[in-house]
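All remarks here apply to the structure that follows.
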Amino acid sequence: MGKIFSRILHSEQAGLLLALVLLCVVISLLTPVFFTALNIKNVLRDASLVAIAGIGMVMIILLGEIDLSVGSTQAVAGIIAVAVLNQMDSVLLALLAALLAGAVIGLCNGLLVTKAGINSLIATLGMMAILRGGAMVSTQAVSIQGKVESFVEAGTGYLGPIPVPVLIAFALFALFYYVLHHTILGRYIYAIGGNIQAARLSGLSVDRTRILVFVIGGVLAALSAFILASRLNSGQPNAGLGFELQVIAAVILGGISLTGGVGTLGGAFIGILILTVLSNGLVLLNVSSFYHDIARGAVIILAVYLDTRRKQSLLRRLLAPSAEEK
Numbered sequence: 003m004g005k006i007f008s009r010i011l012h013s014e015q016a017g018l019l020l021a022l023v024l025l026c027v028v029i030s031l032l033t034p035v036f037f038t039a040l041n042i043k044n045v046l047r048d049a050s051l052v053a054i055a056g057i058g059m060v061m062i063i064l065l066g067e068i069d070l071s072v073g074s075t076q077a078v079a080g081i082i083a084v085a086v087l088n089q090m091d092s093v094l095l096a097l098l099a100a101l102l103a104g105a106v107i108g109l110c111n112g113l114l115v116t117k118a119g120i121n122s123l124i125a126t127l128g129m130m131a132i133l134r135g136g137a138m139v140s141t142q143a144v145s146i147q148g149k150v151e152s153f154v155e156a157g158t159g160y161l162g163p164i165p166v167p168v169l170i171a172f173a174l175f176a177l178f179y180y181v182l183h184h185t186i187l188g189r190y191i192y193a194i195g196g197n198i199q200a201a202r203l204s205g206l207s208v209d210r211t212r213i214l215v216f217v218i219g220g221v222l223a224a225l226s227a228f229i230l231a232s233r234l235n236s237g238q239p240n241a242g243l244g245f246e247l248q249v250i251a252a253v254i255l256g257g258i259s260l261t262g263g264v265g266t267l268g269g270a271f272i273g274i275l276i277l278t279v280l281s282n283g284l285v286l287l288n289v290s291s292f293y294h295d296i297a298r299g300a301v302i303i304l305a306v307y308l309d310t311r312r313k314q315s316l317l318r319r320l321l322a323p324s325a326e327e328k
């Protein structure tokens, strides 16, 4: 029992949970509004958008890749969803159109990385610019309002006391936790991220897996776009500005290594909650939005620093037995 407690105490997730609890305590002392039921629901609703897109980002980064296009995907998929909604008067068709758009974007990213051999950072950076420009051009930089009343339920509705987006995020967490830890696809993702050359030599379908993961990432980013558009009851060409950095920072803060092959979905979710609580606290304290960008940038630097320290610590542990043998 003592060993189990010690392992939990020294685990990375325990440290993240402690940081989250301390952050909540500090903010609640500074503003009593933080621990109200309404604000907690708002925090969870905001976190759910990051979490849905973050699940896809976790899988992509576990492969040793990255996707900078999720913010622009949020704009494009939201615009497509509202356009189809207004044309067809169907929320279901709007959702399917958004998911299809996300799948196509993810497929393009995957093909650029695997078949064209372009580094994922550069490929998705280019895709980010193309999508953002396309969103602006197609709408003349003007938002499109939704004309179907039931559309807002996905973003603002409740099932009992729990917001619908939160339930969607938890359902997806359960599904992809199972995928990553109990399926062949999950084992392939960790193996490819750990050592892509060894994975190729072992006969794994490396390129097919990478393409599939980019498609999944695109679909999940589009789902978050649909929920955001529903919440705003509009498709906005400037939606998702900076969203990709928020998602990446949160999952890296949660222990997902930028070099791939290391990290868990549970840790990533705690990282997402930490970043969301921080943003919420700054809003409640009436801190200028310009300082939000400063805080977000600081968190990104901190997340990368922690990732570097984690890799150094892991390397020392691996080398320690060899040193003892000598």
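Going by our numbering, the letters in the sequence shown line up with residues 3 to 328, in that order.
C-beta: ideal position from N, C-alpha, C; glycine also.
Remember, predicted model here, so these are calculated numbers, not experimental data.
Here's a check: name, in chain order, each residue in its chain whose Cβ is nearer than 7 angstroms to the Cβ of residue i, leaving out the five neighbours to either side.
i      : result
Tyr293 : Leu284
Asp91  : Val150
Phe37  : Ser30
Thr278 : Val45, Asp48, Ala49, Val52
Leu25  : Ile276, Val279, Leu280
Ala193 : Ala201, Leu206
Val208 : Ile194, Ile198, Ala201, Arg202
Ile63  : Val253, Ile258, Leu260, Gly262
Leu32  : Leu287
Ile81  : Ala137, Ser140, Thr141, Ile146, Gly237, Pro239
Leu95  : Val86
Val181 : Leu187, Gly188
Val168 : Leu46, Arg47, Ser50
Going by DSSP, what residue range makes up the alpha helix (DSSP H) through residue i?
i      : result
Pro167 : 166-184
Val144 : Val144 -> no alpha helix (DSSP H), and no H or E assigned at all.
Asp48  : 39-64
Ser226 : 208-234
Leu284 : 267-286
Ala85  : 72-90
Glu151 : Element bounds for Glu151: n/a, residue is neither H nor E.
Glu67  : It is not in any alpha helix (DSSP H) - Glu67 carries neither H nor E in the DSSP assignment.
Thr116 : 93-116
Phe245 : 245-255
Ala198 : Residue 198 is actually Ile in this sequence, not Ala. Start and end: 198-203.
Are the Cβ atoms of residue i and residue j separated by less than 8 angstroms?
i      : j      : result
Thr116 : Arg212 : yes
Gln238 : Ser145 : yes
Ala83  : Ala99  : yes
Ile302 : Leu247 : yes
Gln15  : Gly262 : no
Gly220 : Thr75  : yes
Ile68  : Ile250 : yes
Ala305 : Val217 : no
Ser226 : Ala103 : no
Leu18  : Ile272 : yes
Met130 : Gly58  : no
Ser232 : Gly157 : yes
Ser152 : Val60  : no
Leu97  : Phe228 : yes
Leu101 : Ala224 : yes
For the candidate residues the options, whose alpha-carbon lies nearest to that of residue i?
i      : options                        : result
Met138 : Asp295, Leu243, Leu286         : Leu243
Gly196 : Ala103, Leu260, Ala227         : Leu260
Leu133 : Ala118, Gly268, Cys110, Ile146 : Cys110
Ala252 : Tyr179, Ala270, Ser291, Gly128 : Ala270
Leu114 : Leu101, Ala103, Leu102, Gly128 : Gly128
Glu155 : Gln199, Ile57, Leu230, Leu177  : Leu230
Leu234 : Gly159, Phe178, Asn41, Ala171  : Gly159
Ala39  : Gly265, Ser204, Pro165, Arg319 : Pro165
Can you give me the Cβ contacts of residue i inside the same chain, cut-off strictly under 6 angstroms, excluding the 5 residues immediately before and after it?
i      : result
Asn88  : Lys149
Leu338 : This structure leaves residue 338 out entirely; the chain is present only between 3 and 328.
Leu70  : Thr126, Leu127, Met130, Glu246
Using a Cβ-Cβ cutoff of less than 8 angstroms, which residues in the same chain neighbour residue i once the five nearest sequence positions on both sides are dropped?
i      : result
Gln314 : none
Leu65  : Ile191, Ile194, Gly195, Thr211, Arg212, Val215, Gly262
Leu11  : A caution first: Leu11 carries a pLDDT of 44, below 50, which makes its placement in the model unreliable, though a value can still be read off. Within the same chain, Leu11 has no close Cβ partners at all.
Asn121 : Val115
Look up residue i in the DSSP assignment and give the residues it is bridged to.
i      : result
Leu161 : Ile164
Gly237 : Ile146
Looking at residue i and the ligand NAP, is the gap between the Cβ and the nearest heavy atom below 7 angstroms?
i      : result
Ser204 : The ligand NAP is absent from the structure shown, which contains no ligands of any kind.
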